[in-house]
Structures are given as C-alpha cells and as structure tokens.
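A short worksheet on the structure shown next.
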DNA sequence: CGGGAGGTTGAGCATGTTCAAAGGATGTGG
DNA sequence: CCACATCCTTTGAACATGCTCAACCTCCCG
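Chains as they are written, first to last, in this note's numbering: chain A, 1 to 267; chain B, 1001 to 1267.
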C-alpha cells in the first residue's frame, strides 16, 4: 500500500519556491491571491550560521518566523549538562504562531545547518488571518500537525525500544520532507549527527551508531554524505509500528472545503 | 523560593463553580460578561462512567468539550498490546479546540474516573472568539500551555531516570490541580493506579511501585485512598530537575493586557 | 598534511524489565 | 453482614537492554 502510494501518485505540481506553500497545499488548495499573500510573508529574509541559537530559552518570544532553508531544532538543556531535542524544524515549518501570548520561551531553537528564515510581522500575520481564511485554516492545521508530532514522540519515547525509535524518526522525517517536495525517490538530505539523533530519542550516540549499522546491514537504509536513503520504507515502518495517519496528510475534511467554497461563491 | 510562593500569596478569590474560568484567570482576569459567556458554555452536561472512551482513535473528531469533573487521559494503543498515556486531563481542560480541521482522531480519550463534561457547539465557540477577545486569548494561552506540557513530557521521557520522571509527573499534576483550585495545602486527589502512572512515563508498574515506596520512605510523599500529599514539593522538584516555568502561570505579557485595556476603553 | 569532529569498537556495568506469586483493599451479591 | 471476586499493590530473582568509558579510526576541510 505504501509503495503504491509512493509510486502511483506523483506529487502535485506545486512550484517549489516556497516550502510553506507546498506544505499547506497538502491540506487545502490555495487560491492565487492566497498564495501570493502567503509568499509575500517571506519578503524579508535572515540567515543564521550552523549551530547557533535563533531563540534562547528564557528570552522574550520574538516574532513569528518561517524556516525557508536548512534544519533547526527545538531543544532544552538540562541542569546535568545533557540536552533533549524536542522537535526538528525543516523548511516550511512555522515557528510559534501565537507565541506573543507568552512571556518567556520555555525552550531554545538552534540551527543544525546554515539556515534561512523569513521573519513575519504580527501585522502580516493578522492580515492573513482576517483576509485569507483558507490560509489561516491551513496554518492552524499545520500547528495541529505539529502537536500530533509531539504526541507521537511521546509514544515513541515511552513505548518503543531503540530500533523502533530510530526507525520511527527516520520515517517521520522522510514523510515530512516529502510533504515539502524535498525528497528524491526514497532519499533526502539529512544533516544529523548520531549524537543529535540520540539527543532526540533519549539514546546514547553509541547505541544509535550500532543500530544504524544494523539497519544498513539489513539493507533498510543507506547513509552517505548527509544523504539518507530509505531503501525499505515498509521495513522501517514495520520496525517502528509506524502509521503516518498522525501526520494528517489526508487533506481537509469535506465540511471545511465545502464551507470555503460557499464562502467564496458568495462574494 | 517555592515554599514562599506557596505560603505567601494565597490564591485569588475566584468562585470555584467552573474550573475553566478558574484556570484562565491565571492568565488573564476576565470581565463579568466574559465570565458569563464562558460559563454559559457549560450549560449542557454529559456524564461518562469510569474507564470508558469518550473519543476513540480513528473516529471523526466530535465537538469541543470542557472537562468539568473527574480525570481522563489521552492515549494510544500500540499493536503489541501496550498503551502510552499521552496526557492527563483534569477539570478545566478544554479538549480539541480546533479539531474540526482534522479528519480523524489520531489518539483516544478515555476516562479514569466517572467524568462530567460540557460539550461546546461550534457556534458557541465562534461566538466566544468573535465577541470575547479576552476569553479567546486565554483559551489560546491554555492550548499553548498544553503544548508546552507535551514538550516537557518529551524531555522527561528522553532524559530523566525513573525517579525523575515520577517526581516530575507528580509535581506537574500538583501545579495543574492547584491552578484550578483543586489542592488543599500540599494535597490533592489523584485516582491513578501505578500501572497508569507507568503507562504515562514509559515505566513498568513494578518499578513505579518501588520508586513510590522509596519516596514514601524518604518522607517526600504520602499516598492514601487516592489522595496524594506532596510532603516536600522542593524535594520532588529537585529530584525531577523541575521548573514550573513551562506551565506559564506568570500571567499575560504586559503588551497584551495593555492591548485589551485600550480595546475596552475605546468602546 | 594536520587537526578536529564525527563515527566505530569492545567490555563491564546499571537501570529497569519480566515473570510469578502473595498480600491488601474494595465492592458486589447472596 | 459475610464471602468471594477482582483489581491493585508488593516482593524477589533472573534477565536484558542500553549506558559508560576509553580508545581508535576516518573523513573532511582548512
């Protein structure tokens, strides 16, 4: 079934300019004005070097931003010197949609590679919410997806063994990259060290290493030069007891698309 | 410092009728009309027995609801027969604020005790969002808090040992109960079995048992008849490396309260 | 080339699991 | 009001998964 999905239906012909547009399209098709509005958010750009904090724990939340290129993490440092990676951020991810409601950040956001982001002003955001209901629905969907990913991580950490955790994470990252058009066949760029994987999964780097070796030996994956190929996605998904439902790529419920169509024909 | 907080400042004199009002008040004081509007949501009520599903994984999301009384969990069943408890729901918790954007539930919600909920119609929700900006801000805050709790659980599962995890969970539950006025001194009602604690923390019931015994032996907690007393909150917080910042009980940022005051004086 | 970060290896060890059985508590029906 | 069933807690002992530590290797990149 999965293999069929991958080969049968080629990806929608959405231009690749903006990964956020690409991602939201998975949920809801956007009109031309919607798309223009969304993409004009990314008019300004900022760059960060590799392994640098974009947002620091304890700081006052800054503006919303969209990750355009590169990879980043949300993480927490613990008092014993270890750290926990909470989330991986990939292109198209929106950070902290409504974070102006909070006084301080309870975690940091740091880069893993050089990163390009588009800061979004609060006014820009407000405009989107008031004038572009499809876009705002899609943005809320995206934040629900993020929350679902947090829940899934909890399940992985609580109930899966080391092999299951690693397999799960590789699958999730694959599907997410695919959703923004950043996969080529079964491969995508994954610039993570084994330590970083371990920090995300509650495993030691040594153990991550051994299990990745095992996956390679069994022909499940190929990793070279920061590229990952999932030779057998079904195999990995089986190891992880992975079910991509939680990513909610199935599109918007009919109710909602109907609603928007009525809304738009009434204009 | 913590002890001081607990003893110095007695809790706001908010009537206890509705735990949701109580909780939101921690973030933002509400006007009388705001409060009335919020509490009129709970006009209808539904009851559920103990150990019953309110919402099942795979089902179509039903309406939003507020938990009024009792305790429930979000959880996932895995294919190997185990389950992971993702979140504990206590009175005042709002379920699935914007879940109408999704096609299917990716987890279940089940009761741990008999439970009373107030289903909220979508119109009721919409009314709140359009006519009561303070309430909607507070509801969004509450959903941010939930997300922060998910992140904290990830940190606990990824980086804390069994003692740390259990201590962390007890502290979190204490603070949350306190925020809705359901603590008495250092005690609150906690109708959880050790198996349920284990399912939330990725530990076996046996091990949970041994650690709870250890906590009791060291005079950190007293548990009897489903009541938990945190004899030494500081002690537990130290074991867990717990910092309640992530619960964001500090109130709304000044920017926001200013904004609302301007808004309201302009009327 | 040389330095440094990341990857690989082995061996001993620790934390927490599993399994099985027994001891309370609670609640229900006779 | 007792007897019984059930669920929860407690205990012990063997076991397993994954950690730590320390050393070595390899590939980049300057």
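All residues carry an ideal CB built from backbone N, CA and C; glycine is no exception.
Query: Please list the partners that residue 79(A) has in chain B, where partner means a Cβ-to-Cβ separation under 7 Å.; Result: 1241
Query: Could you tell me the alpha carbon to alpha carbon distance between residue 249(A) and residue 148(A), rounded to whole angstroms?; Result: 12 Å
Query: Would you call residue 1026(B) buried or exposed, if buried means 16 or more other Cβ atoms sit within 10 Å of its Cβ?; Result: buried
Query: Using DSSP with H/G/I as helix, E/B as strand and the rest coil, what is residue 1209(B)?; Result: helix
Query: Whose CA, out of 1181(B), 1247(B), 1121(B), 1224(B), lies closest to the CA of residue 1038(B)?; Result: 1121(B)
Query: Got a sec? Which residues, its chain only, sit under 6 Å from residue 143(A) by beta carbon, not counting five neighbours each side?; Result: 97
Query: Give me the Cβ distance between residue 1088(B) and residue 1109(B), rounded to the nearest whole Å; I'm assuming they're in contact under 8 Å.; Result: Incorrect: roughly 11 Å between the Cβ atoms, too far for contact.
Query: Which value, in whole angstroms, describes the spacing of the CA atoms of residue 1140(B) and residue 43(A)?; Result: 28 Å
Query: Since residue 238(A) is in the alpha helix (DSSP H), which residue starts that stretch and which ends it?; Result: 233-240
Query: At a CB-CB cut-off below 8 Å, which residues of chain B make contact with residue 84(A)?; Result: 1154, 1155, 1158, 1159
Query: Taking 8 Å as the cut-off, decide whether the C-beta atoms of residue 21(A) and residue 70(A) are in contact.; Result: no
Query: What residues from the segment 1118-1152 of chain B come within 7 Å of chain A, judged by C-beta to C-beta, listed N to C?; Result: 1137, 1140, 1141, 1144, 1147, 1148, 1150, 1151
Query: How many angstroms separate the CA atom of residue 68(A) from the CA atom of residue 221(A)?; Result: 27 Å
Query: Please determine, among 1256(B), 1189(B), 1194(B), the residue with the shortest C-alpha to C-alpha distance to residue 1028(B).; Result: 1256(B)
Query: Please return the same chain residues whose Cβ sits closer than 8 Å to the Cβ of residue 51(A), not counting the five positions on each side in sequence.; Result: 110, 111, 112
Query: Can you tell me whether residue 1059(B) is helix, strand or coil according to DSSP?; Result: coil
Query: Return the chain-ordered list of same chain residues with a C-beta closer than 6 Å to the C-beta of residue 1182(B), the five sequence neighbours on each side being excluded.; Result: 1188
Query: With 8 Å as the threshold, decide whether the Cβ of residue 256(A) is near any Cβ in chain B.; Result: yes
Query: When you compare the CB of residue 76(A) with every CB in chain B, is at least one pair closer than 8 Å?; Result: yes
Query: Since residue 46(A) sits in a beta bridge, which residues does DSSP pair it with?; Result: 117(A)
Query: What residues match up with residue 134(A) in a beta bridge as DSSP calls it?; Result: Answer is none; residue 134(A) lacks a bridge partner.
Query: Using a C-beta to C-beta distance shorter than 7 Å, which residues of chain B count as neighbours of residue 246(A)?; Result: 1106
Query: What does DSSP give as the partner residues of residue 268(A) in its beta bridges?; Result: For chain A, the structure presents residues 1 to 267; residue 268(A) sits outside this window and is missing.
Query: Cβ closer than 7 Å: which chain A residues qualify as neighbours of residue 1250(B)?; Result: 103
Query: Taking a contact to mean a Cβ-Cβ separation below 8 Å, would you say residue 1223(B) touches residue 1236(B) in this structure?; Result: no
Query: Measure from the alpha carbon of residue 1125(B) to the alpha carbon of each residue in 1104(B), 1184(B), 1099(B), 1115(B), then state which is nearest.; Result: 1099(B)
Query: Excluding five sequence neighbours on each side, which residues of the same chain lie with their C-beta closer than 7 Å to the C-beta of residue 55(A)?; Result: 62, 105, 108, 109
Query: Taking 8 Å as the threshold (beta carbon to beta carbon), is residue 207(A) in contact with chain B?; Result: no
Query: If you count every other CB in all the chains shown that lies within 10 Å of the CB of residue 1046(B), and 16 or more means buried, which is it?; Result: exposed
Query: What number of angstroms, rounded off, separates the C-alpha of residue 127(A) from the C-alpha of residue 261(A)?; Result: 21 Å
Query: Does any residue of chain A bring its CB to less than 8 Å from the CB of residue 1253(B)?; Result: yes
Query: Taking 8 Å as the CB-CB cut-off, is residue 1202(B) touching chain A?; Result: yes
Query: In this structure, how does DSSP classify residue 226(A) when only helix, strand and coil are distinguished?; Result: coil
Query: Given a cut-off of 8 Å, decide if residue 76(A) and residue 1155(B) are closer than it, judged by their beta-carbon atoms.; Result: yes
Query: For a quick check, are the C-beta atoms of residue 197(A) and residue 169(A) less than 8 Å apart?; Result: yes
Query: Could you check whether the Cβ of residue 1098(B) sits closer than 8 Å to any Cβ belonging to chain A?; Result: yes
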